[in-house]
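> Have a look at this one before I ask anything.
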Amino acid sequence: ILNVEQSPQSLHVQEGDSTNFTCSFPSSNFYALHWYRWETAKSPEALFVMTLNGDEKKKGRISATLNTKEGYSYLYIKGSQPEDSATYLCAFSDGANNLFFGTGTRLTVIP
Amino acid sequence: ETGVTQSPTHLIKTRGQQVTLRCSSQSGHNTVSWYQQALGQGPQFIFQYYREEENGRGNFPPRFSGLQFPNYSSELNVNALELDDSALYLCASSPVTRTINTGELFFGEGSRLTVL
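These protein sequence lines map, in sequence, to chains A and B.
First residue of the first sequence: 8, per my numbering; consecutive thereafter.
First residue of the second sequence: 295, per my numbering; consecutive thereafter.
Below is the structure:
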């Protein structure tokens, strides 16, 4: 079983603050790294799928970076809004037909 | 919304019983994966179906089985339920096959199973 770790487990930020969290994964047999946002009582939705070392992706106020050599990815949220409150999951792929998920970072944005 | 629907949303069973969970994939998607999320854990891969055949399996015992139908909808069956089977079961569909891991998954909202 591959070990994918996310930190912090949870955090609270004030509206307007910027924040970031980390996903650590095995640096060997890397194929892809996924980020999903999961709002309460909804389904997880894909934010990014990243495959290349040094890749940086952006969607609105959310961006992510990838370092496959050292096995980590950062997710950044600029100017957090209450609607950003969700659990953010990362998932590692080694090329087989499954994803290995972390336990997620639960973000609460306080108005 | 992703277009992936799961039923039932909640159910309660007792130890030893059997359960069937259902998933309708997003239109045009031919691959369905099932994940189990136990309390405090990340989703764990159970298996994947592509064109009605199992196409990969995680570390789950044989009492976890599945089906995929010609319309690409899918079922997850669990026999001889145990207390530890209590979890949220997520279904995810995708339109690709061998390159699935470079493409996003489209998840349903899950079926929450409680085993008493």
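Backbone N, C-alpha and C fix where the C-beta goes; we use that ideal spot for every residue, glycine too.
Since this is a predicted model, take the numbers as computed values, not measurements.
Once the 5 residues before and after A:D62 are set aside, which same chain residues still bring their CB inside 7 angstroms of it?
Around A:D62: L73.
> With three or more beta-carbon pairs closer than 8 angstroms as the criterion, would you say the stretch 103-118 of chain A touches the stretch 334-351 of chain B?
Because the criterion of three Cβ pairs below 8 angstroms is met, the stretch 103-118 of chain A and the stretch 334-351 of chain B touch.
> In terms of residues, what are the limits of the beta strand (DSSP E) holding B:L333?
Taken as a continuous stretch (DSSP letters only), B:L333 belongs to no beta strand (DSSP E), as it is neither H nor E.
> Please decide whether B:P265 counts as near chain A, where near means a Cβ-Cβ distance under 9 angstroms.
It is not possible to answer for residue 265 of chain B, since the shown part of chain B is limited to 295 through 410.
> Give the C-beta separation of A:S100 and A:V116 to the nearest angstrom, bearing in mind that I take them to be a contact with Cβ-Cβ under 8 angstroms.
That pair is no contact at about 29 angstroms.
> From B:L370 to A:V56, what distance separates their C-alpha atoms?
Answer to the nearest angstrom: the Cα atoms are 27 angstroms apart.
> Out of B:K307, B:G297, B:S301 and B:T299, which one is the CA nearest neighbour of B:L377?
For B:L377, the nearest C-alpha among the options comes from B:K307.
> Could you name the residues that DSSP lists as bridge partners for B:R351?
B:R351 is bridged to B:F341.
> Applying the 10 Å Cβ sphere with the 16-neighbour rule, what's the burial state of B:Q312?
Exposed, by the Cβ-count rule.
> Are any of the Cβ atoms in chain B nearer than 9 angstroms to that of A:G78?
By this cut-off, A:G78 is not an interface position.
> Would you say A:S14 reaches chain B, if we count a Cβ-Cβ gap shorter than 9 angstroms as a contact?
A:S14 does not count as touching chain B.
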